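Accompanying notes for the structure given below.
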Amino acid sequence: MTRNFKSAFFSALLVLAVAYPVFGLKLEIVGVNLAVIGASTTTVSVIIAGAIAMFLRVLFNEQITAAWRSSPNLPVVPAKASNFLSLPSTQRWIILGLVLVALVWPFFGSRGAVDIATLILIYVMLGLGLNIVVGLAGLLDLGYVGFYAVGAYSYALLSHYFGLGFWICLPIAGMMAALFGFLLGFPVLRLRGDYLAIVTLGFGEIIRLLLRNMTDLTGGPNGISNIEKPTLFGLSFERKAAEGMQTFHEFFGLQYNSINKVIFLYLVALLLALAALFVINRLLRMPIGRAWEALREDEIACRALGLNPTIIKLSAFTLGAAFAGFAGSFFAARQGLITPESFTFIESAIILAIVVLGGMGSQLGVILAAIVMILLPELMREFSEYRMLMFGAMMVLMMIWRPQGLLPMQRPHMELRK
Amino acid sequence: MSRPLLEVSGLSMRFGGLLAVNGVGLTVNEKQVVSMIGPNGAGKTTVFNCLTGFYKPTAGTILLDGEPIQGLAGHEIARKGVVRTFQNVRLFKEMTALENLLVAQHRHLNTNFLSGLFRTPAFRRSEQEAMEYAAHWLEAVNLKEFANRTAGTLAYGQQRRLEIARCMMTRPRILMLDEPAAGLNPKETEDLKALIGVLRNEHNATVLLIEHDMKLVMSISDHIVVINQGTPLADGTPEQIRDNPEVIKAYLGEA
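Protein chains in written order, with the working numbering: chain R, 5 to 422; chain W, 749 to 1003.
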């Protein structure tokens, strides 16, 4: 009991020591000086309440754990439901449902909702692409955003210097990113786990710094602006078409409405995301998809069976990067402005979080996680500075509650004849 | 008799100052079962690793059907038909038994990207054939009912059998088993013995075996090589080995 009391006391003290400077003190500008100002009494009382709660929690740790264990209706997903949800056939139907919702979404949602949905679709694409590298091939890649940047800058530069359109640049951007993926693949062939993560992290940063410092070519920190938006078979969605082009609303004799552009961009994103979903879904069921998973499971056994690990790894890196390239060129087209600061490490971290949160290797999981990860920060805007804190709390809770991810996928069940 | 399928001579492997394998030679003829025995740490697995390209031997030649293969990468040697199992089972644990067997057929499958993307008839046919071949071997090792179980959840003996079936998927010319009976109970060892017999008689497999279970070794081997402290000690038929005084002293123990 004394030991419990002691640790409870120190836990409470720790809460005070951490929370008071962070929440309780505020810096404010008084005239020309900075002054430290104590927080309001409500904040302080919340902190004290938190400390007391912590004290009680640690003091009665054993009783609480026992009560928790014995209570029959814990908020845990029942095994049966969990099993049903992770069946490949169920997941296929859910994906189909989601696609239908996505198709009608822009015609009912508000402009802001469609905008956010477009952003989500970009991350779905990125998540699906990274899922190949991390979820399937088991190669921890922390520099994925580098390929995203390569794709975005490929389109931006080609459009800026050569005036090429989005639809021509899309495959080029994908190929450029794939080429970079291939080139990165070579030096990291021998690496696994932590070492691989560090090298790829460095690679992502190198690309960002290159873009930032090659001022003559890329515009440096200012980035590239006025990137052309995609067109529908040559029809522009701007109010006034450029020389020799027609606008969408003139062609169809409609009133100009800027929402048309937003919806069109959304539909392009949806098209790209669906294409990625389809291609990766097929890849999974191809020999190369199985080889990726085998590589994740045991590289030595792969070699003993005559599978060339070099080719398998390079193909994973290359294909994964290609999808980031597609997403990147769309991102550049949508934003109209890209700077190197759009491609910082936090982006890589978010994409990786999407893959891990979704349940490694599961496509539906990745889609749901992308929705959660992009939507939550948007919904929590009111909490402004605390939203990263909530984000962290959510990740910790996930690790406790569902370490396998939101919706992991079961192995496919294959019927044998005879 | 034509030339032997596998001919190893003067094989040496040095790790820094340690000479782990010193001048080992062995000959495996087609459809033979050859065993390698010796005390723990004698260098048997090192020989295996050299033969399968996981180590690059310091000296010596390895001829597969007259063609030198020493120094090639592991997957290249495997493609030439030298396929091995591991002392500690190395299955793809998160994948199903069937998928394990499909992965092993990678080289024989249609890996064309576009044909897989659009599921062309040729692609479907090749996948179907792979499934049937896998089913055939699952039956042969008595694991058909577990086809869709993840490999990691199988019992140890079943995992061992699955690993052998996985090797057979690659249509090997020579199958190398590293202590296949380790950790098996007497009944499972009997099954294993029967399985090796089936492999040889019905599937024309050539087997190179490392094993400590003397009953098993003596009953199925055509030829035995004894290694002690990295050097070859004796070489002969099971009867010759059983009566060789040096082998008895170094390994078998005196009765």
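Yeah, the Cβ is synthetic: ideal placement off N, Cα and C, and Gly gets one too.
On a predicted model such as this, the values are computed, not experimentally measured, just so you know.
When beta bridges are read from the DSSP output, residue 41(R) appears opposite 30(R). For residue 896(W), at least one C-beta of chain R is nearer than 7 Å to its own C-beta.
In this structure, the beta-carbon distance from residue 914(W) to residue 1000(W) does not fall below 7 Å.
Collapsing the DSSP output to three states places residue 87(R) in a helix. Minimum Cα-Cα distance from residue 833(W) among the listed residues 289(R), 402(R), 309(R) corresponds to 309(R). Taking all protein chains shown into account, residue 335(R) has 16 or more neighbouring C-beta atoms within 10 Å of its C-beta and is therefore buried. Nearest in C-alpha terms to residue 858(W), of all of 104(R), 295(R), 407(R), 373(R), is 295(R). About 7 Å separates the Cβ atoms of residue 399(R) and residue 357(R), confirming a contact at the 8 Å cut-off. Inclusion of residue 776(W) and residue 795(W) in the CB contact set at 7 Å is not warranted, their separation being larger than that value. Residue 341(R) and residue 802(W) have their C-alpha atoms spaced approximately 51 Å apart.
Residue 857(W) reaches chain R at 291, counting residues in chain order whose Cβ is nearer than 8 Å. In the same chain as residue 164(R), and ignoring 5 residues on each side of it, the C-beta atoms closer than 6 Å to its own belong to 228, in chain order.
The bridge partners DSSP lists for residue 815(W) are 812(W). Among the residues of the stretch 395-414 of chain R, none has a Cβ less than 8 Å away from any Cβ of chain W. Taking C-beta atoms as the reference points, residue 773(W) and residue 760(W) fail to come closer than 7 Å.
The C-alpha of residue 100(R) is placed about 29 Å away from the C-alpha of residue 339(R). Remark: three or more beta-carbon pairs, one from each stretch, lie closer than 8 Å, so the stretch 144-159 of chain R and the stretch 320-328 of chain R are flagged as touching. If the five residues before and after residue 860(W) are omitted, its C-beta is found closer than 8 Å to the C-beta atoms of 871, all from its own chain and listed in chain order. A residue is called buried once 16 or more other Cβ atoms fall within 10 Å of its Cβ, and residue 127(R) is buried on that count.
Beta bridge pairing from DSSP links residue 980(W) with 975(W).
Burial is judged here by how many other beta carbons sit within 10 angstroms of a residue's own beta carbon; residue 910(W) has at least 16 and is buried. Secondary-structure assignment with DSSP links residue 926(W) through a beta bridge to 958(W).
When C-beta distances to chain W are compared with 8 Å, the residues of the stretch 302-315 of chain R below that value are 302, 304, 305, 306, 307, 308, 309, 310, 311, 312, 313, in chain order.
Of all residues in the stretch 48-66 of chain R, none places a beta-carbon less than 8 Å from a beta-carbon of chain W. Around residue 174(R), the same chain offers 333 as residues with beta carbons nearer than 6 Å, after the five sequence neighbours per side are excluded.
Each residue's CA atom was taken as its position, placing residue 962(W) and residue 937(W) some 11 Å apart. Where residue 163(R) is concerned, the enclosing alpha helix (DSSP H) starts and stops at 148-166. Boundaries for residue 22(R): no beta strand (DSSP E) harbours it, while the alpha helix (DSSP H) harbouring it runs 6-23, taken from the DSSP string.
For residue 28(R), the closest of 35(R), 40(R), 134(R), 117(R) by C-alpha to C-alpha distance is 40(R). Inclusion of residue 922(W) and residue 901(W) in the CB contact set at 7 Å is not warranted, their separation being larger than that value. Exclusion of the five residues before and after residue 276(R) leaves 129, 330, 334 as the residues of its chain whose Cβ lies within less than 7 Å of its Cβ. Scanning 949(W), 942(W), 918(W), 866(W) for the CA closest to the CA of residue 289(R) turns up 866(W).
Contact check for residue 899(W) and residue 840(W): beta-carbon distance about 6 Å, within the 8 Å limit, so the pair qualifies.
Residue 137(R) sits away from residue 369(R), with the two beta carbons spaced by 7 Å or more.
Going by beta carbons, residue 959(W) and residue 929(W) fall inside the 7 Å limit. The alpha carbon of residue 970(W) has as its nearest neighbour, out of 976(W), 987(W), 978(W), 977(W), the alpha carbon of 987(W).
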